[in-house]
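In the working numbering, the protein residues as written are 669 to 745. The beta carbon of each residue, even a glycine, is placed where N, CA and C say it ideally should be. As the structure is a prediction and not an experimental result, all values here were calculated from the model.
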């Protein structure tokens with residue numbers, strides 16, 4: 669079984685989200701989506717970097733202090 673590309677999964681789930689809204693207007697979608705995607709991204713990257721925040725920050729292309737702030741925000745440390 670070939671895994672779906674991430675963008676296809678996001679698209680499918682967004683379409684389902686709009687269907688579930690039943691015609692109601694969405695609110696703060698950007699913030700919601702970023703929060704929903706960011707936590708698993710951080711979890712997986714931290715796992716693969718074996719908890720090395722410097723390496724994880726480099727892989728993510730963000731400053732180590734930014735990574736640490738995000739880890740705290742998501743209650744991952």
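In terms of Cβ geometry, residue 739 and residue 730 do not form a close pair [threshold 8 Å]. Here DSSP, grouped into helix, strand and coil, assigns residue 714 to helix. Annotation: residue 679 to residue 696 spans about 17 Å, alpha carbon to alpha carbon. For residue 741, the enclosing alpha helix (DSSP H) stretches over residues 732-741. Rounded to whole angstroms, the Cβ separation of residue 721 and residue 735 is 6 Å, and the two are in contact under 8 Å. Pairing residue 742 with residue 704 gives a Cβ-Cβ distance that is not under 8 Å. Residues 731, 732, 734, 735 of the same chain have their beta carbon placed closer than 8 Å to that of residue 725, with the five preceding and five following residues left out of the count. Here residue 709 carries a helix assignment [DSSP, helix/strand/coil].
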